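Undergrad: Dropping the structure in here first, questions after.
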Amino acid sequence: MIDTAKFHQRAESLGELLQKRLGVRGKTLKARLSRAGRLLPKAQRRAGETLVRTERLMGHPKLARLADPVETEQAFDSITGHLKRFDRAEARRNAIMTWLAVVVFNLLLLGGLVVALVRWQAPL
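Take the position in the sequence shown, starting the count at 1, then add 324; the result is the number in our numbering.
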């Protein structure tokens with residue numbers, strides 16, 4: 325059985341970490357995780373769903389026994405580990421580099437099409 329106070333303490337610290345690292349805000353853990361959305365990888369989104377389900381069960385004393393402590397602990401560790409490794413500046417750099425690569429590729433493709441069109445219209 326999961327200790328309710330410990331669970332809520334870890335959920336609060338995870339919520340603060342989500343706000344600090346990803347900049348998502350919300351009153352509850354569920355709200356913060358839903359706002360994080362695609363900022364988290366698929367495995368961490370699933371772990372977040374586990375935590376939200378566990379949080380809902382923890383609200384009812386009899387249902388709290390149904391929460392799996394091992395799965396909950398793994399979910400906390402998974403999301404916390406990802407957020408501690410997450411670097412917002414690096415993510416921004418990667419997004420800019422990806423955008424620049426797409427622009428360069430499109431310009432090369434356009435240049436190739438222009439050369440092909442010129443050669444087709446006026447053969448040498």
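We put the beta carbon where it would ideally sit given N, CA and C, even for glycine.
Remember, it's a predicted structure, so these values are computed and weren't measured experimentally.
1) Indicate whether the contact test is met: 3 or more Cβ pairs, each with one atom in the segment 355 to 368 and one in the segment 378 to 397, closer than 8 Å.
2) According to DSSP, simplified to helix, strand and coil, what is residue 386?
3) For a minimum of 4 consecutive residues, which ranges assigned as the alpha helix (DSSP H) are wholly contained in the segment 326 to 397?
4) What residues in its chain sit with their C-beta under 8 Å from that of residue 326, if we drop five residues either side in the sequence?
5) Which of the three DSSP states is assigned to residue 478 in this structure?
6) Apply the 10 Å Cβ neighbour rule to residue 328 and answer buried if 16 or more other Cβ atoms are within range, or exposed otherwise.
7) Can you give the Cα-Cα distance for residue 344 and residue 426, rounded to whole angstroms?
8) Per DSSP, what kind of secondary structure is residue 401 in: helix, strand or coil?
TA: On the basis of the supplied data:
1) Fewer than three pairs of CB atoms, one per stretch, sit closer than 8 Å, so the segment 355 to 368 makes no contact with the segment 378 to 397.
2) Coil.
3) Runs of the alpha helix (DSSP H) inside the segment 326 to 397: 328 to 346, 353 to 360 and 366 to 382.
4) Closer than 8 Å at the Cβ level, and outside the excluded window around residue 326, lie 378, 382, 388, 391, 393 and 396.
5) This structure cannot speak to residue 478, because the chain is shown only from 325 to 448.
6) With a threshold of 16 other beta carbon atoms within 10 Å, residue 328 falls short and is exposed.
7) Roughly 30 Å separates the two Cα atoms.
8) It is helical.
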